[in-house]
Amino acid sequence: MIERYEDIERLTLFALGKLIKDARGSVVTFTCKKLAKIANLSTKPVTLTLVRAVLEELRKEGYISIYKISSHGIKYMITRESPLWNLYKASQKIPSNVRQVIALLKTDISKVN
């Protein structure tokens, strides 16, 4: 099955939202492979690289952070204090790409300040 980057991006954000909505604590940890499995994506290295690219965009903006780096890869985490956590817990509609998520979060933060 061939997947386009836009589809992988959308499904990765969907999986991240599902993980956050189903969270029972205040922190969620995940790997690229875990998100790919939740999104029913292939776990081939090329797909996982694209999932990681989506996560790295969010990390560079400060919405998720790295929990652990090991020989098995990078484990990311998101806490309750992240604006991304509140976005997914509160909204029904999940934005379809990272740029929409970042723009939405920046406008929400600027309204508060």
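Using my numbering, the first residue of the sequence shown is number 117, and each one after it goes up by one. Beta carbons: idealized from backbone N, C-alpha and C, even for Gly. Every value quoted in this text rests on a predicted model; they were computed, and no experiment measured them.
Distance between residue j and residue i (C-alpha atoms, nearest Å)
i, j, result
"L203", "I180", "13 Å"
"T163", "T128", "11 Å"
"M193", "W201", "11 Å"
"I154", "F146", "11 Å"
"L171", "I182", "10 Å"
"V167", "P211", "16 Å"
Cβ pair residue i, residue j closer than 8 Å
i, j, result
"V214", "L151", "no"
"L135", "V143", "no"
"G178", "C148", "no"
"E119", "S158", "yes"
Residues bridged to residue i (per DSSP)
i, result
"Y192", "F146, I182"
Neighbour-count burial assignment, residue i, 16 or more Cβ in a 10 Å radius
i, result
"V217", "buried"
"E125", "buried"
"N229", "Any reading at N229 must be qualified, since the residue scores a pLDDT of 39, below 50, and its modelled position is unreliable; no value is offered."
"S198", "buried"
Top-ranked residue by Cα proximity to residue i, from the options
i, options, result
"F130", "S187, K205, T223", "K205"
"A139", "T195, E122, R168, N156", "T195"
"L132", "A219, K209, T223", "K209"
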